[in-house]
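Quick note on this note's numbering: the sequence shown kicks off at 1 and runs consecutively.
Note sheet for the following structure.
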Amino acid sequence: MRVRSSFISFICMLLVAISGIRCRAEQQSPASSNPVAYYIDSRGGNDGNRGTSAAEAWQSLKNIKQGLLHPGDSIRFKRGAAFTGPLYIYDSGTGDNPIVLTDYGEASEPAPSFTNPVFALNNYGNCVRVKGSFVIVENLYLHHTAAYVRGSYTPSSGWDTTVWEMGAVYIDKEAENCIVRNNEFNDCVVGVKSYGRNAVIRNNYIHDCNRVLKEWGWGPIGIWLGNDYQEASYNRIFNYSAVDPRIEWGPDGVGGGADGGAFEIDDARYDKSHISIHHNYTRDCQGFLEITWTDIKQHPVYKSFDIHHNISDDYQQFIAMWQGAECNIENNTIVRRKKNVNDWGVFNITGTNTRNRIRNNLIITELDIQIYNTGLRTSTNPQNIIENNLYYAASGNLVMGKEGPGTAPVFADPLLVKYSGADKPEDFALRTGSPAANKGLPGLFNIDFFNKPVKGMPDIGAIESGE
């Protein structure tokens, strides 16, 4: 009898507890069936308004505070409006109901603009700083963010991690499953900086920054990744390069006089894997990708990056990999016809026994630019797996370097649609009869630069000819 009474009491207590948990859960995560849209208009709004309609828009960012947003909510910035950051987003959406930062208004008006000219403690030139998960940032114009110049901020002691806080859009390590898409970044010393796992940075236009992000050891970076499980795809990044004799970093002056680039992976505090950089078009940047690590921690585990179906017409390297192994570098179209104070070759992979797979890439050089370089570290033996690449010197000599050409190389003019003056992706397509057609190996990725399915044997390069 006592057992039965105890059992009944236990069931009652359990039901009460479940009810309490359910009640608290409902209080903490309001139903997303009635999402709220907040409107902000810097020209015609008023911060005393409700903010929940275009007619009752707020004027500034000050009403956006922690706890305001719930899954499915959005913040809509009026086209033609202008704001100065940083805007902090602390709250999280869900997979089905993300929080969205977007635009509203007349399509003929310019996208809502954001800038931040201040670099100081807890204000690192960010326009939007995301700390919540499942947040989408889209359709904004971000411009002219502050650089870390001497005198703007002084760290207390030790290694200065301040540079890792920069980014016109910054995604915190706690912020997972965020998306940054369809934005324009103009003269931002760092376009997007992301530590958030499962972040997707897609279809952004990032252009024209020739300033150092930090005096005098760091050039501008379009997209900067500091953690694993991230994707950067379908972006256009143009003219990210700083050339100045005061720039100096790296051993033996390897980084003297110029720095910057389209993409960078670094911050050795976190091991990294499963980063995908694909279907991007870059031009006039100080390198396509640099993977580096020499900072707080030595020799982190960097592996399993996928770099494929990109078009790179830049200065300096396609990939400078100071650390990294077992990466797939496939079906890229790489043109190196420009040279300034730095020349690292096309592939500057300085690890030993890295076993990176380099295949199906179309590589055109001029000015005797070396293809497989190992920098000044002559003892390096990367042992990359090099297969089915096309090599062509449009002028000067074809300089293979320490590795290569690998198995089944093709040495021929690839017959691009347009080479001299090429300035758009379709110029790098193959003409009929190209020696690159059907000469690749079956790859891991079966959609070309223009999302055309690869049928049969793939072509060499980023764009399928259809032959």
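Cβ atoms here follow ideal geometry from the backbone N, Cα and C, with glycine treated the same way.
Going by the DSSP bridge assignment, what does T84 pair with across the sheet?
T115
Looking at the structure shown, is F185 part of a helix, part of a strand, or coil, going by DSSP?
Strand at F185.
Extent of the continuous beta strand (DSSP E) run through G48
From DSSP, G48 is part of no beta strand (DSSP E); its letter is neither H nor E.
Going by the beta-carbon positions, is the gap between F83 and S42 smaller than 7 Å?
Yes, they are a contact pair.
Which residues mark the beginning and the end of the beta strand (DSSP E) in which E467 is found?
Under the DSSP assignment, E467 falls outside any beta strand (DSSP E); it carries neither an H nor an E label.
Helix, strand or coil, according to DSSP, for W344 in the structure here?
In the displayed model, W344 falls within coil according to three-state DSSP, outside both helix and strand.
Neighbourhood of G80 by C-beta, 8 Å cutoff - its chain only, sequence neighbours within 5 removed:
R43, G105, E106, E109, P110 and P112
Which stretch, first to last residue, makes up the beta strand (DSSP E) that contains T333?
T333 to R336
When you compare only the Cα positions, how much space is there between S29 and I201?
Below a pLDDT of 50, predicted positions are generally treated as unreliable, and S29, at 45, falls in that range; no measurement from the model is reported.
Under the three-state DSSP convention, the category D427 falls into:
DSSP places D427 in helix when its eight states are reduced to three.
Among S273, N198, V180 and S312, nearest to G324 - alpha-carbon criterion
S273
Assigned exposure category for R355 - 16 Cβ within 10 Å defines buried:
Classification for R355: exposed.
Residue nearest to D208 in terms of C-alpha spacing, selected from W216, Y419, D267 and G222:
G222
Rounded to whole angstroms, what is the Cα-Cα separation between D314 and F134?
34 Å
Taking all protein chains shown into account, decide if R50 is buried (16 or more other Cβ within 10 angstroms of its Cβ) or exposed.
Residue burial is scored here from C-beta neighbours: R50 has fewer than 16 other C-beta atoms within 10 angstroms and is therefore classed as exposed.
Taking the continuous beta strand (DSSP E) assigned at P293, which residues delimit it?
Looking at the sequence shown, residue 293 is not Pro but Trp. Where W293 is concerned, there is no enclosing beta strand (DSSP E), because DSSP gives it neither an H nor an E.
Helix or strand or just coil, what does DSSP make of W224?
If DSSP states are grouped into helix, strand and coil, W224 belongs with the strands.
Just the C-alpha distance for W58 and A37, rounded to the nearest angstrom, thanks.
12 Å
Near F340, what residues of its chain come up, given a Cβ to Cβ distance below 6 Å and the 5 sequence neighbours on each side ignored?
In the sequence as presented, Phe is not what sits at residue 340; that position holds Asn. Contacts found: V243, A258 and Y315.
Mind reading off the beta-carbon distance from Y392 to A412? Whole number of angstroms is fine, and I expect it under 8 Å.
With 8 Å as the limit, Y392 and A412 qualify as a contact, their Cβ atoms being about 6 Å apart.
Go ahead and pull the three-state DSSP assignment for P458.
Note: P458 maps to coil in three-state DSSP.
A54 to E138 span [Cα, whole Å]
19 Å
Between F305 and the ligand FMN, is there a pair consisting of the residue's CB and a ligand heavy atom that are separated by less than 6 Å?
The ligand content of the structure shown is nil, which means the ligand FMN is not present either.
Spatial neighbours of P71 within its chain, please: CB distance less than 6 Å, with the 5 preceding and 5 following residues excluded, ordered by chain position.
For P71, where only same-chain residues beyond five positions count, the Cβ hits under 6 Å are S32, G93, T94 and N97.
Might you give, ordered along the chain, the residues of its own chain that have their beta carbon closer than 8 Å to the beta carbon of L142, omitting 5 neighbours on each side?
S113, F114, T115, C127, V128, A168, V169, N183, E184, F185, N186, C188 and G191
Please state if the CB of I386 and the CB of G404 are separated by a distance shorter than 7 Å.
yes
Find the nearest neighbour of P151 within the set T145, I179, K214 and M166, judged by alpha-carbon distance.
Correcting the residue identity first, residue 151 is Gly in this sequence and not Pro. When each option's Cα is compared against that of G151, the closest is K214.
Which first and last residues belong to the beta strand (DSSP E) in which I171 is found?
V169 to I171
Just to confirm before moving on: does the CB-CB distance between L390 and A436 stay below 7 Å?
Judged by their CB atoms, L390 and A436 are nearer to each other than the 7 Å cut-off.
Going by DSSP, which residues form a beta bridge with Y315?
Q286
Does DSSP put E215 in a helix, in a strand, or in coil?
In the structure shown, E215 adopts coil according to DSSP, grouped into three states.
Identify every residue that forms a DSSP beta bridge with L101.
I75 and V137
Give the C-beta separation of G261 and N227 to the nearest angstrom, bearing in mind that I take them to be a contact with Cβ-Cβ under 8 Å.
About 19 Å separates the two Cβ atoms, so there is no contact after all.
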